[in-house]
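Enquirer: The structure is given below, and queries will be raised subsequently.
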Amino acid sequence: MRDVRTNTTATFYDQQILRRYTENDRIVIVWRAYIEPLEFEKRSVSGLCFLEKGYVLITRHDHEEEEDSGNATFSKVSTCYMLTPTATGRKLRHDSQTISLIDFVFNAVSANMSMIIEKVENVLLDQTIHKHKSC
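Counting in UniProt numbering, the final residue of the sequence shown is number 135, and the numbers go up one at a time with none missing.
Shown next as structure tokens:
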């Protein structure tokens, strides 16, 4: 992974479990991930990992002003995610390199979440466009 703003690179080992639940009134996507940095700024990393868990919730949004909206369908997209760094040694917790790596991972996960939300919004928009074309 590369951050072009800071010209910083990192290599990670990542395992992720993802599950999608579809119900009549909502779709929920939940995940848990284990992220282990292997290399940061061309240096080997050990003793640090990140645990991530989160969800994306898509529900129909009640619109009170029906006369203004016509037959439009509204959706509400909510997200929540937590990223927890875990260091095996006390020395790592106060190391400036470790703090830089934690910032890097938090920024990368945040950017990834923004991309996921954008993809969900694009899918919802595409579905609406195709629905109106077929009417």
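For each residue, glycine too, the CB sits at the ideal point set by N, CA and C.
Note that this is a predicted model, so its numbers are computed, not measured.
1. Could you tell me whether the stretch 17-32 touches the stretch 52-61, using the rule of 3 or more Cβ pairs below 8 Å?
2. Looking at the secondary structure, which residues open and close the alpha helix (DSSP H) in which T128 lies?
3. Is there at least one non-hydrogen atom of the ligand GDP closer than 7 Å to the beta-carbon of L38?
4. Skipping 5 residues on each side, what residues in its chain have a beta carbon closer than 6 Å to that of T88?
5. For L38, count neighbouring C-beta atoms within 10 Å of its own C-beta (all shown protein chains included) and say buried if the count is 16 or more, exposed if not.
6. Relative to the alpha-carbon of E36, which residue among S75, A10, S114 has its alpha-carbon at the smallest distance?
7. For R5, which of helix, strand or coil comes out of DSSP?
8. Just to confirm my understanding: we take S114, look at its own chain, exclude 5 residues before and 5 after, and list those with CB closer than 8 Å. What are they?
9. DSSP beta-bridge partners for E36?
10. With a CB to CB cut of under 7 Å and the five nearest residues on each side skipped, what residues in its chain are close to H61?
11. Quick one: what's T22 bridged to in DSSP?
12. Return the CA-CA distance between Q127 and D95, expressed in angstroms with no decimal places.
13. If you measure between the beta carbons of residue 136 and T59, is that distance less than 8 Å?
14. Would T98 be called buried (16 or more neighbouring beta carbons within 10 Å of its own) or exposed?
Expert: On the basis of the data shown:
1. The stretch 17-32 is in contact with the stretch 52-61.
2. In the DSSP annotation of this structure, the continuous segment of the alpha helix (DSSP H) that includes T128 starts and ends at 96-134.
3. The model on display carries no ligand, and the ligand GDP is accordingly not part of it.
4. Hits under 6 Å: G47.
5. exposed
6. Minimum Cα distance to E36 is reached at A10.
7. coil
8. none
9. Y13
10. Hits under 7 Å: F74, S75, K76.
11. Checking the DSSP bridge columns, you'll see T22 partnered with I27.
12. 48 Å
13. Any answer about residue 136 is impossible in this case: the structure gives the chain only from 1 up to 135.
14. buried
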